[in-house]
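Protein chains: 2
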Amino acid sequence: MGQLNSKRGSTRSLEVYNEIRSDILAARIPPGSRLKVGPLCERFGVSLSVVREALTRLSEQRLVRSEPQLGFTVVPLDRAGLEDLTRVRVEIETLALRWAIECADLSWETSVVAALYRLGRTPVSEPDDPNGVSDAWSDAHAAFHAALVSGCASPLLMELRRGPYDSAEIYRRWARPGAVREERDVHKEHTEIADAAIARDVGLATSLLEAHIRQTTRTLLTSDLMNSTPD
Amino acid sequence: MGQLNSKRGSTRSLEVYNEIRSDILAARIPPGSRLKVGPLCERFGVSLSVVREALTRLSEQRLVRSEPQLGFTVVPLDRAGLEDLTRVRVEIETLALRWAIECADLSWETSVVAALYRLGRTPVSEPDDPNGVSDAWSDAHAAFHAALVSGCASPLLMELRRGPYDSAEIYRRWARPGAVREERDVHKEHTEIADAAIARDVGLATSLLEAHIRQTTRTLLTSDLMNSTPD
DNA sequence: ATTGCCTAGAATATCGATTATTTTTGATTT
DNA sequence: AAATCAAAAATAATCGATATTCTAGGCAAT
Chain A
4 MGQLNSKRGS TRSLEVYNEI RSDILAARIP PGSRLKVGPL CERFGVSLSV
54 VREALTRLSE QRLVRSEPQL GFTVVPLDRA GLEDLTRVRV EIETLALRWA
104 IECADLSWET SVVAALYRLG RTPVSEPDDP NGVSDAWSDA HAAFHAALVS
154 GCASPLLMEL RRGPYDSAEI YRRWARPGAV REERDVHKEH TEIADAAIAR
204 DVGLATSLLE AHIRQTTRTL LTSDLMNSTP D
Chain L
4 MGQLNSKRGS TRSLEVYNEI RSDILAARIP PGSRLKVGPL CERFGVSLSV
54 VREALTRLSE QRLVRSEPQL GFTVVPLDRA GLEDLTRVRV EIETLALRWA
104 IECADLSWET SVVAALYRLG RTPVSEPDDP NGVSDAWSDA HAAFHAALVS
154 GCASPLLMEL RRGPYDSAEI YRRWARPGAV REERDVHKEH TEIADAAIAR
204 DVGLATSLLE AHIRQTTRTL LTSDLMNSTP D
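The following block contains the structure:
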């Protein structure tokens, strides 16, 4: 009864939304699996409407698929979808970076440097699970790419960028390096992108960013994950 | 018992969502006005959860703003927002058009020609309300711009394009020409864009499309609407 | 044995009522 | 008269239960 939620602007539905979103992005729920409302209610100690609202929001963001009368599922992995996603991401991310460099100021540079440093100091994988990527690294990686475009002076473009980035995150998280041991020096790629950006070299920075995104996809496409799941 | 809704895959919530969305895009609800759940329930003869779900979906699409604990409002008009929106739309629409031209095939050309013809034959405004734009023309206009990019072979890009287009639609609908009687020949602009696209002239088509979008915004920004509403 | 139909069980979508929060109102004090 | 605070009204958020739709598995017919 006495439920003291004094935090202003907070909502049970928002909390559940964040929990489920985090579960999906952190690869704690497999792509394609069903999200049954009943069990989720029980898990969060919350009512139907709350969970439905959270799932509805996620489905508008393309992290969840909603089939009327059939319920909700985590968006499935899909080869063609990843290729489309990559093309679109390359355009949006490089556009945002271009604008950011054109509008660049000191606080933007600072946030890029800071995010890069943090990313470089964060272990890529947990000691106990050397296959997957750690939550901490994923967060730092997201923060670095967000920082790169944070100076673009377009709130709308930054919001539009988030969806595709998150969609790609699911692929990154589920791709067990497996057979394809990465020969890339990912941190070097990040460093070069940041350097070029701060040096105001639009052409170099955007082409490095493009190569970075495409290379990641190439790795994912050849990973056992995308070849083992037929759909 | 009364099973009025035998349509598979339909949902009360989807219907309400479409109704409200249509109300917003057709300028039947003023920007910034509150969307109280109670009255909407009564109007549609439907329960709270249904309306909330519809509004949640709309707020993810940026047509509605959701402030926790404070309810929902139609997204307000905003000068800076329109300028940002325009910059982003120019990039996304021209990108999609570029891809469409590169992938062009006969059925794409056909749909462009068809949409252009329909648009040209649709009266811009109703006889009884010569100030506003007619629903039919808005639909035809949306269909034409959708047709232009329909050949881009990227489902994701087409979906991403829809949000900003709809956001801009609210501005188009609420701008009473007022003092600024359009000296443009809008249909000529559409025709030239379509011609260039079908002629595979990427540079011309995209720059005409860009000019088209920017010109519309320029008109809106000088209309009395954007100058009378301070926020 | 395979196909198609039908019934029980499970899950989704919707409802009506309850609880919690915000806004308004109006009395009280400075 | 202006400002402050407290009760009341309005509105948002959540809950528990009902109605509807889908799914699975058995049974009959070919």
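Line order of the protein sequences matches chains A and L.
The first sequence begins at 4 in this note's numbering and counts up by one.
The second sequence begins at 4 in this note's numbering and counts up by one.
Quick reminder that beta carbons are idealized off the backbone N, C-alpha and C, glycines included.
Remember, predicted model here, so these are calculated numbers, not experimental data.
Supposed close pair residue i, residue j - CB separation, criterion 8 Å
i, j, result
"A/S153", "A/L88", "Actually they are not in contact, since the Cβ atoms of A/S153 and A/L88 sit about 22 Å apart, beyond 8 Å."
"A/A146", "A/A118", "5 Å"
"L/E112", "L/I196", "Not confirmed; about 13 Å, so no contact."
"L/Y168", "L/L85", "Not quite, the Cβ-Cβ distance comes to about 13 Å (not below 8 Å), so this is no contact."
"A/E63", "L/E63", "4 Å"
"A/E56", "L/E56", "6 Å"
CB of residue i within 9 Å of CB of residue j, strictly
i, j, result
"A/L151", "A/E213", "no"
"A/V49", "A/R15", "yes"
"A/I23", "A/L43", "yes"
"A/A178", "A/S110", "no"
"L/E94", "A/L38", "no"
"L/L163", "A/G166", "yes"
"L/V19", "L/F47", "yes"
Top-ranked residue by Cα proximity to residue i, from the options
i, options, result
"L/D198", "L/C44, L/Q72, L/L43, L/L100", "L/L100"
"L/V115", "L/P71, L/A143, L/P79", "L/A143"
"L/E192", "L/E22, L/A149, L/A146, L/S210", "L/S210"
"A/R60", "A/I32, A/N21, A/L85", "A/N21"
"L/G41", "L/L51, L/P34, L/P33", "L/L51"
"L/R65", "L/G35, L/E45, L/R124, L/A200", "L/G35"
"A/D138", "A/S13, A/A30, A/V19, A/G12", "A/A30"
"L/P79", "L/E94, L/K39, L/I32", "L/I32"
"A/E129", "A/I196, A/E162, A/S141", "A/S141"
"L/T125", "L/H190, L/V93, L/P71, L/V77", "L/H190"
"L/V127", "L/A156, L/D188, L/L223", "L/D188"
"L/C155", "A/E172, A/V91, A/R37", "A/V91"
"A/A107", "A/E195, A/S157, A/E186, A/V53", "A/S157"
"L/S25", "L/G206, L/R176, L/M229, L/R221", "L/R176"
"A/V205", "A/L122, A/E162, A/S69, A/W102", "A/W102"
"L/V53", "L/H148, L/G123, L/T219, L/S13", "L/S13"
"A/G135", "A/H215, A/E172, A/L17, A/L160", "A/E172"
"A/L58", "A/Q218, A/D81, A/L160, A/F75", "A/F75"
"A/T222", "A/D81, A/E186, A/L207, A/H148", "A/E186"
Chain A contact for residue i (CB, 9 Å cutoff)
i, result
"L/G154", "no"
"L/A107", "no"
"L/Q218", "no"
"L/G74", "no"
"L/A182", "Any reading at L/A182 must be qualified, since the residue scores a pLDDT of 42, below 50, and its modelled position is unreliable; the value itself is stated next. Closer than 9 Å: no."
"L/S25", "no"
"L/P34", "no"
"L/E22", "no"
"L/D142", "no"
"L/T14", "yes"
"L/S52", "yes"
"L/P126", "no"
"L/T59", "yes"
"L/R55", "yes"
"L/L98", "yes"
"L/P71", "yes"
One or two residues paired with residue i in a DSSP bridge
i, result
"A/V67", "A/V77"
"A/L38", "A/F75"
"A/E129", "A/D132"
C-beta neighbour in chain L for residue i, strict 9 Å
i, result
"A/V91", "yes"
"A/L17", "yes"
"A/P158", "yes"
"A/I259", "The shown model of chain A, from 4 to 234, leaves out residue 259 of chain A, and the question about it has no answer."
"A/P167", "yes"
"A/I173", "no"
"A/E63", "yes"
"A/L66", "no"
"A/G84", "yes"
"A/E94", "yes"
"A/V40", "no"
"A/L88", "yes"
"A/R37", "no"
"A/P79", "no"
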